[in-house]
Structures are given as C-alpha cells and as structure tokens.
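Q: Supplied in structure tokens, the structure appears directly below.
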Amino acid sequence: MGENNREIVLDMLLTLERDEAYSHRLMKAVLDKYDYMDGRDKAFLKRLAEGTLERRLELDYYLNHYSKIPVKKMRPLIRCLLRMSVYQLIYMDSVPDSAVCNEACKLASKRGFGSLKGFVNGILRAISREKENLPLPDRYKEPVSYFSVKYSMPEWLVKLWMDEYGSDITSTLLGKLMEIHPVSLRFALKLSQEERAAICAKMEETGIKLRQSMYLPWVYLATQPGHMGSVDTLPGFEEGMCTVQDVSSALGVEAAGIREGDFVIDVCAAPGGKSILAREHAVGDGQRLPGEKERLGLVLARDVSEEKTALIEENIRRMGADHMKVEVFDATGTDEALVGTADVVLLDVPCSGLGVMGKKRDIKYRITRKDMDSLPKLQRQIARASAGYLKPGGILVYSTCTINSGENQEMVRFLTRELGLEPMPLSETLPDILMEQRKRLEADLDKAGKDSGFGLTKEERAACIQLLPGYMESDGFFIARFRSRQQGTDAQGEPKAFLN
418 MGENNREIVL DMLLTLERDE AYSHRLMKAV LDKYDYMDGR DKAFLKRLAE GTLERRLELD
478 YYLNHYSKIP VKKMRPLIRC LLRMSVYQLI YMDSVPDSAV CNEACKLASK RGFGSLKGFV
538 NGILRAISRE KENLPLPDRY KEPVSYFSVK YSMPEWLVKL WMDEYGSDIT STLLGKLMEI
598 HPVSLRFALK LSQEERAAIC AKMEETGIKL RQSMYLPWVY LATQPGHMGS VDTLPGFEEG
658 MCTVQDVSSA LGVEAAGIRE GDFVIDVCAA PGGKSILARE HAVGDGQRLP GEKERLGLVL
718 ARDVSEEKTA LIEENIRRMG ADHMKVEVFD ATGTDEALVG TADVVLLDVP CSGLGVMGKK
778 RDIKYRITRK DMDSLPKLQR QIARASAGYL KPGGILVYST CTINSGENQE MVRFLTRELG
838 LEPMPLSETL PDILMEQRKR LEADLDKAGK DSGFGLTKEE RAACIQLLPG YMESDGFFIA
898 RFRSRQQGTD AQGEPKAFLN
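In structure tokens form, the structure reads like this:
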C-alpha cells in the first residue's frame, strides 16, 4: 500500500482532531471521493483509519511509554502519524514493519517535519522490536486501567459497566464492541422467501457473504473479504428490496406487535427504518377474510429538523412506502390534535449511543459523564409529551441504542410508576431465542453478585430487555413495551389530523 493511501488516512485523522467531524460520515465522504480506487486500497484505507481511531487510547498509552514527549504535547500531525503507524505495526501483519517506519518518515518530511524524522523513526523502531511484549497495566491491581488500555475505552465508561455488570461480562462486552461489525440488511416484508433467496444469490455473486439473523428471517448480516463498498450498489437496494437496519432496531418494531390497520406514530423517526418497517406491518398484504372491512395502516414519522425528515423521505421513496406522512415536530412538545389516536407509539429516544460504538467509533471519545447524566431529563420530557397519543389499550415501545441503566431501566420505572403505563411481556412479541439469551445474561449477572433485575418489579423486568453484544447477536440496544391504562376519551380513535 502506497504513501498516498497513508496520507489520505493522515488527513482524515487530522480533520477529526481539528473539526470534530463524525468519523462514519467522514469515512463515507472519503470513500465516495476515491470511489475509483482498487478494492484492496479502499479496504486498507478504511481499516487503517477506523482502527487507529478505535484504538486511540491504547496507541497513546504505548506512545507515552516510549516517547519522552507526551502525546498531548506533540504536534497534531506527528501525533496522528505516530498513532496510525503504531496501529499498522501491531494490528496489520500484512504490512512489513520496515515499510511502516520508512513511509512514516517520508510523510513527516513531505508535510514539513523533516527535522522530526529521527524522533518518529526511533519511537516506531522501539515499538516494532518490543511489539510482542508491550506494557499494560496490571489486570488485578488496576483492572479499570487494564480494560481501558486493552480495549481502548475511557476509564469512566469501564467503571460504569464494571459496577453494573462485573468484570467478566464487561470484558466480554468490550471485546465484542471492538470486533468488525457486518452490515445488517433488512429485506422488505412483501418479498416471498423465494424472492428473498434470489436477491441474496445475486448479492453473493458479487463476493458478499450473507448470514441470516438468528432472530428474524428477513434480516441478513453481510460481510465481504476486503472492502464491501457502498450498499447503494447491492442488487435490489435501489429498487427498495432491502435497507440497512440493524436487527436490534427491527426487533424494537417487532416488540410492538403492530397489526394490519394500526395507526403508528414514530416520534423520533430519522432515518426512517423503524417507521418503514412499522408501515409494512400496518398495511399488510391486503388480504382479508370474506366480509372483513379493509383497514389501511397509517404511519406518521416525525423528527426535530428538516435535515432529519429529509433522510426519512429519501428512504421512503426508495422503499416505495405509501400510507406514510413525514413531519418536522419537536418531540418534547405534545400535539394535542393526536392525543388518544394512536394504536402504537414508537419512542426511540436520543441517547448516549454506547451500544453502537462498534459502528461509530468516536462516540466513546465524545460522550462525557455530564452528557449522559443530562440525557434522562430529555428522554423523560419526550416520553411525557408522547404517551398521551395512545388510545386506551394502545402500545408504546421505548427503545435506545445504549447500555446504561440510567437511560434504560430507570426509564422503565418512570414510564410505569410516574406515567402509569402497564408493562407488557416481551415474550409475547419477541423470538424465544432472545428470551433464552436474556436468561443466560441474567444468570451471569447473578453469579457476579450484580442485580440482574436492576431494581425492577417482576412485571417490569418481563417488559424490557437489554441487548448486550457478546450475549446477543446485535448492537447494544434496549427495548421496553407498555400498554396504556387510560380509560375514557373524547377521541374517536381516528387520526384525523394525519388524514387531513
């Protein structure tokens, strides 16, 4: 791999330091810009950029050990250059150590730091010689520091999870978050098994490997040796036969048990995956029993800005989804015209995103304890504003893509004890295998001396599930299901404001 590819990665890392751009968006923009590149070059570029970012804390630990100048005091270009070079030395066996050192020195000179070539070369040669025996904190004397360096996770997050889950479960979780994550493809429900198999066969002809999810037959995990490229080019994607949606997000919709004809409000809907899946359930296949009245399902997808709703509309157009309406609306307020009208409310609220760090690698460096502590206030505000949309007996599904009891189990208590919603068993709507995996996690929590129920009642525990990487085959995700207890309403049960 040439100097040019390394320089592209160097510029990406500098951009992330300087502009605080989001890594997944920057990666997409760069790959689109260099779409003409050979697949192997793209794969090298992607792995080096994402790996360097993901392993930053670990790389800095080694650099501080071998350098007389602390990492934080280095020139930004030299700091980024050393990080990406150390990552290659440790994690990219296909690149000779001598090439890594030589290319780093060349780049330092090319970018105006020729006087620091000796400094760069000395550190990299030292790490190259000792890379089989690099220092780590003592696992037993300093377990938090050990996990922090080994899995490149901020110490405060390690401590948070060790307090809630114990050392062994935390180690499993951290290891899974570091693994390369496949792309999750959710196929349209209208496809027959044979049609889905035909599209999968065409995808596999391009070199992609597909594996069906153990939870939902219409979700597949896609990987490809090297670089997978843009999903836009996959057979059937532009035609709306499939979309990118993690199985955890799809399970969040499945938990609601949406029936044909239901009116669904998705209050924080972007980019629209949940709304579109809800629509497919609500509209159904159009087949009815003799004499049965037609009930066309309707989905109202809302989010806080035009930028977010544009994403929803783009996905709706591609998937050919009718019976949907998209609106800009701030979910912290209540739309009085919709009170008492919804069969289902989907409440996938803004959260800390700790469960998707395997895909958005810079989340762990951006989120702070203060940020996390402030999120439940927003989540409660949204829940309080939205719960009234339910008809009597309507279903609300609360979900997040995080692993934090303050945003998850604590919200279950709020929804049941303060908003008066009735917890409903997830076993009624989610796969049995998922319930069995939850039992295994709870057993390991009990074994570790941790509260597997997080202080919830038996009914509340049955109504929620924490999807944990290492125990479940998904992102870190939380799902909770409730039913409205409210009795009596002036609403006629029809979403008039939506239809007008």
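Everything in the sequence shown is counted per the working numbering, starting at 418 for the first residue and increasing by one. Glycine included, C-beta positions come from ideal geometry on N, C-alpha and C.
1) Met736 by DSSP, collapsed to three states: which one?
2) Only counting the same chain, and skipping five residues up and downstream in sequence, which positions put a Cβ closer than 8 Å to that of Pro493?
3) Between Pro652 and Ile616, which are expected to be in contact by the criterion C-beta below 8 Å, what is the C-beta distance as a whole number of angstroms?
4) For Ser665 and Gly893, I'd like the C-alpha separation in whole angstroms.
5) Report the three-state DSSP secondary structure of Ala699 (helix, strand or coil).
6) What would DSSP say about Gly810, mapped onto helix, strand or coil?
7) Between His698, Arg500 and Val745, which has its C-alpha nearest Leu608's C-alpha?
8) Just to confirm, is the Cβ distance from Ser816 to Leu764 under 9 Å?
9) Would you check if there are 3 or more beta carbon pairs closer than 8 Å linking the segment 574-585 to the segment 539-555?
10) Between the Cα of Tyr504 and the Cα atoms of Asp477, Thr846, Ser484 and Pro487, which residue gives the shortest distance?
11) For Arg900 and Arg464, what's the separation of their Cα atoms in angstroms?
12) Would you call the segment 479-494 and the segment 528-543 touching, i.e. three or more CB-CB distances under 8 Å?
13) Can you look up Tyr568 in the DSSP assignment and give me helix, strand or coil?
14) Have a look at the DSSP bridge pairing and note the partners of Lys742.
15) With distances taken Cα to Cα, identify the nearest neighbour of Ala800 among Leu462, Glu471, Arg783 and Leu813.
16) Are three or more beta carbon pairs between the segment 738-751 and the segment 776-793 nearer than 8 Å?
17) Any contact of the segment 661-681 with the segment 628-639, i.e. 3+ C-beta pairs under 8 Å?
18) DSSP three-state label for Arg797, please.
19) Can you name, in chain order, every residue of its own chain whose Cβ lies under 7 Å from the Cβ of Glu596, other than the five neighbours on each side?
20) With a threshold of 8 Å (Cβ to nearest heavy atom), would Leu480 be considered close to the ligand FMN?
21) So Arg783 is in the beta strand (DSSP E); what residue range does that whole segment cover?
22) Could you please give me the residues that DSSP links to Val762 through a beta bridge?
23) Determine, using beta-carbon pairs with one atom in the segment 775-786 and one in the segment 588-603, whether at least three such pairs fall under 8 Å.
24) Which value, in whole angstroms, describes the spacing of the CA atoms of Lys710 and Val716?
25) Apply the 10 Å Cβ neighbour rule to Asp449 and answer buried if 16 or more other Cβ atoms are within range, or exposed otherwise.
26) Taking a contact to mean a Cβ-Cβ separation below 9 Å, would you say Asp683 touches Ala718 in this structure?
27) Measure how close the beta-carbons of Arg696 and Met741 come, nearest whole angstrom, since I'm counting them as under 8 Å.
28) Going by DSSP, what residues sit across from Pro688 in a beta bridge?
29) Among the residues of its own chain, which have a CB less than 7 Å from the CB of Leu836, if the five just before and after it don't count?
A: Looking at the atomic coordinates:
1) Secondary structure at Met736: helix, using DSSP grouped into helix, strand and coil.
2) Leu431, Glu434 and Arg435
3) 6 Å
4) 8 Å
5) helix
6) strand
7) His698
8) yes
9) No, because fewer than three Cβ pairs between the segment 574-585 and the segment 539-555 fall closer than 8 Å, the two stretches do not touch.
10) Asp477
11) Annotation: Arg900 to Arg464 spans about 45 Å, alpha carbon to alpha carbon.
12) The segment 479-494 vs the segment 528-543: in contact.
13) coil
14) Leu717
15) Leu813
16) At 8 Å Cβ cutoff, the stretches do not touch.
17) yes
18) The answer is helix: DSSP assigns Arg797 an H, G or I state.
19) Gly775
20) The ligand FMN is absent from the structure shown, which contains no ligands of any kind.
21) Run containing Arg783: none in the beta strand (DSSP E); it sits in the alpha helix (DSSP H), Ile780 to Arg783.
22) Ile682 and Leu813
23) The segment 775-786 and the segment 588-603 touch, with no fewer than 3 CB-CB distances between them shorter than 8 Å.
24) Its pLDDT being 48, under 50, Lys710 is placed unreliably in this model, and the value from its coordinates should be taken loosely. Taking the straight line from one Cα to the other gives about 19 Å.
25) exposed
26) yes
27) 5 Å
28) Note: Pro688 sits in no beta bridge, so no partner.
29) Cβ neighbours of Leu836 beyond the five flanking positions: Ala800, Arg801 and Ala804.
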